[in-house]
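Listed in order, the protein sequences are those of chains A and B. One point on numbering: in our numbering, the residue at position 37 of the first sequence is 37, and numbering is uninterrupted. Numbers in our numbering are just positions in the second sequence, counted from 1, shifted up by 1000.
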Amino acid sequence: MALHLNLLHEEILEQRQRKRDPLKIGILVLVSCGTLLFLYYGWNAYQTFEIKAKLNAIDGDWKKLEPQVTQAQKRSAQLTDLINTTRVLDDYIDNRFFWGPFLEKLSRCVPPNAQLTGMEAGVLEDDKGVTITIDGVAAAREPRSAAEDLRQMLLEQLGKSYHDVKVEFKTLEDVEAVANLGGTNVPMARYILSITLNPNAAAKPAATPAPSRTKRRNESS
Amino acid sequence: MNLPKLSKDQIKKLLLSTMGLIFLLYVYFTFFLGPLQKIRDGALAQIADRQQKIDGSKTEMAKAANLERQAKDATARFATLKAFSPEGAPIAWFPPRMKTFFASQQIDRAVARLESNANFKQSELAAWTKYNWLIEMPQADFAALGKAIAELENREPLLSITKLTIHVVPNEPQFQQVGIAATTVIEKR
């Protein structure tokens, strides 16, 4: 068996130690890591530049669009105001109480033997209805019946066009004066009628004029 | 695993390298990658914001165009309603207008007086004022009055009669004394 003698073992050991020098390995690791990190940073920076470029493009688009949008918003607000105002005005117009049709109905209800001498009417606030006070005289053999006929007629006719119609006598009294109807003297009664109604279902304004009462009044007097 | 035995010097060097690595990582993340990420996130947020605005603006513009089409009728109606009130103070033009109107309806001597005026509570009518008028007719025929009132209500949509009093003229039962309380809605000029 041959004998092997390693006469350079010290040198070999030194060489091995140099090879696994932690500082050298550490520096190598550091450099490798640094390179990787730098590359990663470069990639991120590139992406950021791309994003910035996209942002600039979008910013440019927005700057072009912004005045148009502001104008559109302003116009929208104007139009919304206008629509709302028109709607409120239309409501105001539609919720009016139309006196023309009422006067027409009233004139049609008065028979030849009754006469109206005065009327006071008003629309209650907050659309709560209309109140009318009518005073007049009725002449007939039974003047109170003639006045009652008028009340019934008003109740019936006004009820066709309005809601919650109430026609009540505030006063109904005989008077001493007599009226000449068709050459006959008949007694007279004086009355005050109170009418309340709700115009929610009121008819639209009449295009036709109220019929003449002058003739009737002349007939009845 | 058989780890090689490290000398004191080697351990020192290893610690130094580790510290260097930690320092490098700290500098890298704090001064390089961190700010870059911040810029990137900020830019992305801005892009999202702008994109949202652009998308919203497209909707807004479409809405405005749609509203413009829808508002055609309202615009025409509004212009018509505005045209009912001429330029100038209402007290200057309303009483003559009423006088002329009733004269054309065979009712002479109609006098209109301004009672009061007030602003509306509704915000929609902030640009409009309510005027209360008293129109007196000392002598009117009932039939002509009925016709005139119907015509007035049709012709003046912004006029609303709130009170009406009719009384027989003494000694002339064919005529009536008439008082009309009316409210008009007039645009502020």
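Virtual Cβ for every residue (Gly too), placed ideally from N, Cα, C.
Three-state secondary structure assigned by DSSP to residue i
i, result
"A2/A", "coil"
"Y191/A", "strand"
"E1136/B", "strand"
"V165/A", "strand"
"R1109/B", "coil"
"P1173/B", "strand"
"L1145/B", "helix"
"A1182/B", "strand"
"Q115/A", "strand"
"L181/A", "strand"
"L1033/B", "helix"
"L1114/B", "strand"
"A121/A", "strand"
"L89/A", "helix"
"V1168/B", "strand"
Exposed unless 16 or more other CB atoms sit within 10 angstroms - verdict on residue i
i, result
"Q1105/B", "buried"
"M1137/B", "buried"
"G26/A", "buried"
"K1147/B", "buried"
"N113/A", "buried"
"I1022/B", "exposed"
"L224/A", "In this structure chain A extends from 1 to 221, so residue 224/A is not present and cannot be described."
"M1019/B", "exposed"
"S145/A", "exposed"
"K105/A", "buried"
"D1041/B", "exposed"
"E1153/B", "buried"
"S1007/B", "exposed"
"N218/A", "Since pLDDT at N218/A reaches only 36, below the 50 mark, its modelled position is unreliable, and the value read off the structure follows with that caveat. By the neighbour-count rule (16 or more Cβ atoms within 10 Å), N218/A is not buried but exposed."
"W99/A", "buried"
"F1142/B", "buried"
"L197/A", "buried"
"M1027/B", "Note that residue 1027/B is Val in the sequence shown here, rather than Met. Exposed, since its Cβ has fewer than 16 Cβ neighbours within 10 Å."
"T222/A", "What the structure shows of chain A is the stretch from 1 to 221, and residue 222/A is not part of that stretch, so it cannot be assessed."
"Q115/A", "buried"
"F49/A", "exposed"
"K64/A", "exposed"
"L13/A", "exposed"
Same chain only: Cβ atoms within 6 Å of residue i, ignoring 5 sequence neighbours per side
i, result
"G118/A", "D135"
"I1166/B", "Q1176, V1178"
"P205/A", "Unreliable positioning characterises P205/A in this predicted model, as indicated by a pLDDT of 49, which lies under 50. The coordinate reading is nonetheless provided below. Once the five neighbours on either side are set aside, the close Cβ partners of P205/A are F98, G100."
Contact belief for residue i with residue j at Cβ below 8 Å, rounded distance in angstroms
i, j, result
"L1024/B", "L36/A", "Rounded, the Cβ-Cβ distance is 11 Å, inconsistent with contact."
"I1180/B", "I1135/B", "4 Å"
"V1111/B", "Q1139/B", "With 8 Å as the limit, V1111/B and Q1139/B do not qualify as a contact, their Cβ atoms being about 12 Å apart."
"I941/B", "D61/A", "Nothing about residue 941/B can be reported from this structure: the residues present for chain B run from 1001 to 1189 only."
"E1124/B", "N84/A", "5 Å"
"L1164/B", "A121/A", "5 Å"
Own chain, CB closer than 8 Å to residue i, minus 5 neighbours either side, in chain order
i, result
"F97/A", "V123, V130, P199, A202"
"P1086/B", "W1093"
"P1157/B", "L1081, F1084"
"Q157/A", "K105, R108, C109"
"E142/A", "none"
Per-residue contacts from residue i into chain E (C-beta, under 8 Å)
i, result
"E104/A", "This model lacks chain E altogether, as its protein chains are A and B."
Neighbourhood of residue i by C-beta distance below 7 Å, restricted to the same chain and skipping five residues each side
i, result
"N252/A", "Chain A is shown from 1 up to 221; residue 252/A falls before or after that span and cannot be answered."
"V178/A", "N185, V186, P187, M188"
"R151/A", "V167, F169, L193"
"L172/A", "R144, A147, A189, Y191"
"F1101/B", "L1152"
"K1058/B", "none"
Query raised in the report: Residues in the stretch 108-127 of chain A with C-beta within 7 Å of chain B's C-beta atoms, listed in sequence order?
Result: Of all residues in the stretch 108-127 of chain A, T117, G118, M119, E120, A121, G122, V123 have a Cβ within less than 7 Å of some Cβ in chain B.
Report task. Output, in sequence order along the chain, the residues in the stretch 50-77 of chain A whose CB is closer than 8 Å to any CB in chain B. Result -> I51, K52, K54, L55, I58, D59, D61, W62, L65, E66, Q68, V69, A72, Q73, R75, S76
Query raised in the report: the stretch 1163-1188 of chain B: which residues have C-beta closer than 8 Å to a C-beta of chain A, in chain order?
Result: Taking 8 Å as the Cβ-Cβ cut-off against chain A, the residues of the stretch 1163-1188 of chain B that qualify are K1163, L1164, T1165, I1166, H1167, V1168, P1173, Q1174, A1181, V1185.
Query - Residues of the stretch 1116-1150 of chain B whose Cβ lies closer than 7 Å to any Cβ of chain A, in chain order - result: Q1122, E1124, L1125, D1141, F1142, A1143, G1146, K1147, I1149, A1150
Query raised in the report: the stretch 1053-1083 of chain B: which residues have C-beta closer than 7 Å to a C-beta of chain A, in chain order?
Result: K1053, I1054, S1057, E1060, M1061, K1063, A1064, L1067, E1068, A1071, A1074, T1075, R1077, F1078, L1081
**Report entry** Chain-ordered residues of the stretch 151-172 of chain A with a beta carbon less than 7 Å from chain B
**Finding:** none
Query raised in the report: Using a beta-carbon distance cut-off of less than 8 Å, what residues from the stretch 1032-1055 of chain B approach chain A?
Result: F1032, L1033, L1036, Q1037, I1039, R1040, A1043, L1044, Q1046, I1047, R1050, Q1051, K1053, I1054
Query raised in the report: Taking a cut of 8 Å between CB atoms, which residues from the stretch 76-93 of chain A lie near chain B?
Result: Under the 8 Å Cβ criterion, the stretch 76-93 of chain A contributes S76, L79, T80, D81, L82, I83, N84, T85, T86, R87, V88, L89, D90, Y92, I93.
Query raised in the report: What residues from the stretch 34-47 of chain A come within 9 Å of chain B, judged by C-beta to C-beta, listed N to C?
Result: G34, L37, F38, Y40, Y41, N44, A45, Q47
Requested in this report: Return the residues of the stretch 1082-1107 of chain B that lie within a Cβ-Cβ distance of less than 9 Å from chain A, sorted by chain order.
Outcome: Listed in sequence order: no entries.
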